[in-house]
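Visitor: Here the sequence shown is numbered in my numbering, starting from 614 and rising by one per residue. Can you read through this structure? Questions will come right after.
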Amino acid sequence: MKHRIKHFSEENSIESAEIIKKLTFLNTEDGLKQCLNDADFYLDIVRTFVEDNAIEDLKKFYYGNDWSGYRVKVHSLKSSSAYIGAEELREKAKRMEEAAKKQDVEYINLHHHQLLVLYEDVLRNIDALLPKWKNHTGTSTIKHFTISVVDDSKLNRQVVSEVLSDVYNIVEAGSGLEFFQQLDSGIRPDLVLLDVHMPMEDGHDIIKKLKADDKYVNIPVVFMTIDNDLSTELQGFEEGAVDFITKPLNPSLLLARINRILDLYYLQSNLQEEIKVRTKAILDKSQQMSTMLDQIIQALANTIDAKDKYTKGHSDRVSKYSVMLAKHMGYSEDQQQKVRYAGLLHDIGKIGIPDEIINKPAKLSPDEFAVIKSHSAIGGDILKTITSVREVFEAARWHHEHYDGTGYPDGLKARDIPEVARIICVADAYDAMTSIRPYRHEAFNQYEVRSEIEKELGKQFDPFIGNCMLQIIAEDTDFKLHE
């Protein structure tokens, strides 16, 4: 396995394969898939399953009638059973979790002891087959990012550490209390992998507390959960999560998604400082720095567009149409340049939208559209501290506001909407109409575009800016503007 710091001898690897053959009471095929078919890794996880024995905790919560704590423990058991291929135990734990969630005490009383018997059998059978060997820690390279893994399950934390610790610094916490103690001690992670279901403070409690602190509000949080519940995901996104990862964790997918998220985080965290430095160079009339700023913003625009496979070149086109409108409206060259930057960065908030929603090849559901709409607010948050080119913030946050007040995110109306945002609104709509989109297989023709803009004057569009666009279209007799 490529990304691990624990290495086993060839002798142990051969022994692992032989042991796995004897684990006939487990679905070892599925378990190995979770571990990239690495026999040593799989047996290491199986060993942790035994060490992470939760029988006493289950008894304590059961006899104490603490159904909230009981639900968290059987939820964790359901997840860890899935990792090792203990299918029957997983199904029983799943049913007990549902019963605990409903506080169906009668069902729990009937099946609690059956669950413990099965759990104990699995633990005993595994323990009888596993020899004790020592792992040898290898030498790690310099790691620039630190990831905090907050999960009450030792097994889940171990999977993350096995997969990511060769690339990132991993700090483990078994509870929200331990996690915040680590923050207080000076550990500042670049990303938090956070379990949803935990005793005492759950994942939702922890992320709310984290985002309420100005020191940590910008740290990206990724939820880990075995649930496949859209409402839970939407709640997480509203609370500030950047992504969800489903348990049991797939090692290849986990590494790829964490790499992507941290790449985007690095881009976002450095964006404001980069633009501040480059903008100062423009004000100093430094042609060299001005060129560099253009290249950086262009690279950012390309990064944004790369997330959406259906709208390649969208930011460039919107920027071009916006500058044409600004010139038509009498803007100076300096003002036109700011409009150009605003057009290039207007969709930067899409960095925070999950790829599967942005690239969905069908019509979005209302819930998914609600997530997409959040890109305006996210973009505004990213650019809000850039005061030297205020237009980039205004365009990112308010380019979906409508002249009649029916837009989002703030429902601004008429002249309350900054002019640059009203310009971008028209340019953005023109590009949407003249491009192929997943929900529409053909672009509008020139007549349809004109009719749509005329219909929306005073509604979606500023009447003056909309008429400027109509004049530009009228001059485009061969309909080459959109090419």
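Heads up, the beta-carbon is just placed ideally off N, CA and C, and yes, glycines get one too. It should be emphasised that the depicted structure is a prediction, and the values quoted were computed from it without experimental measurement.
CB-CB under 6 angstroms to HIS988, same chain, minus the five flanking residues each way: which ones, in chain order?
Guide: GLY962, LYS963 and ILE966
Visitor: So the alpha helix (DSSP H) THR641 belongs to, where does it begin and stop?
Guide: 641–647
Visitor: For VAL1005 and HIS1015, what's the separation of their Cα atoms in angstroms?
Guide: 18 angstroms
Visitor: Would you list the residues sitting across from GLU785 in a DSSP beta bridge?
Guide: VAL762
Visitor: Between which two residues does the alpha helix (DSSP H) containing ASP827 stretch?
Guide: ASP827 -> no alpha helix (DSSP H), and no H or E assigned at all.
Visitor: For MET837, does the three-state DSSP call read helix, strand or coil?
Guide: Taken through DSSP and simplified to helix, strand or coil, MET837 comes out as strand.
Visitor: Whole angstroms is fine: what's the gap from GLY816's alpha carbon to TYR781's?
Guide: 22 angstroms
Visitor: If I measure Cβ to Cβ from SER932 and keep anything under 7 angstroms in the same chain, skipping five residues before and after, which residues do I get?
Guide: ARG953, GLY956 and LEU957
Visitor: Less than 8 angstroms between the CB atoms is what I'm expecting for GLU1007 and VAL1033, so what's the real figure, rounded?
Guide: 5 angstroms
Visitor: Check whether the Cβ atoms of ASN764 and GLY787 lie closer than 9 angstroms to each other.
Guide: The question names Asn, but residue 764 is Asp in the sequence shown. Yes, they are a contact pair.
Visitor: Buried or exposed, going by whether 16 or more other CB atoms sit within 10 Å of the CB of SER844?
Guide: exposed
Visitor: Under the assumption that VAL773 contacts LEU862 (Cβ atoms under 8 angstroms), give the Cβ distance between them as a whole number of angstroms.
Guide: 7 angstroms
Visitor: Is it true that the CB of ALA695 sits closer than 9 angstroms to the CB of GLN647?
Guide: yes
Visitor: Specify the secondary structure class of GLY751 as computed by DSSP and reduced to three states.
Guide: With a pLDDT of only 37 at GLY751, under the threshold of 50, the placement of this residue in the model should not be trusted, and no figure is reported.
Visitor: What number of angstroms, rounded off, separates the C-alpha of GLY1071 from the C-alpha of PRO833?
Guide: 39 angstroms
Visitor: Exposed or buried, which one is TYR676 when buried takes at least 16 other CB atoms within 10 Å?
Guide: exposed
Visitor: Do ILE910 and HIS688 have their C-beta atoms within less than 9 angstroms of each other?
Guide: With contacts defined by Cβ atoms closer than 9 angstroms, ILE910 and HIS688 do not form a contacting pair.
Visitor: Kindly list the residues whose CB is nearer than 7 angstroms to the CB of PHE674, restricted to its own chain and excluding five residues on each side of it in sequence; keep chain order.
Guide: Taken in chain order, the residues that qualify are GLY682, TYR683 and LYS686.
Visitor: Restricting to runs no shorter than 4 residues, where is the alpha helix (DSSP H) found entirely within the stretch 843–876?
Guide: 843–852
Visitor: Compute the beta-carbon to beta-carbon distance between PHE1074 and ILE1066, rounded to the nearest angstrom, for a pair I have assumed lies under 8 angstroms.
Guide: 7 angstroms
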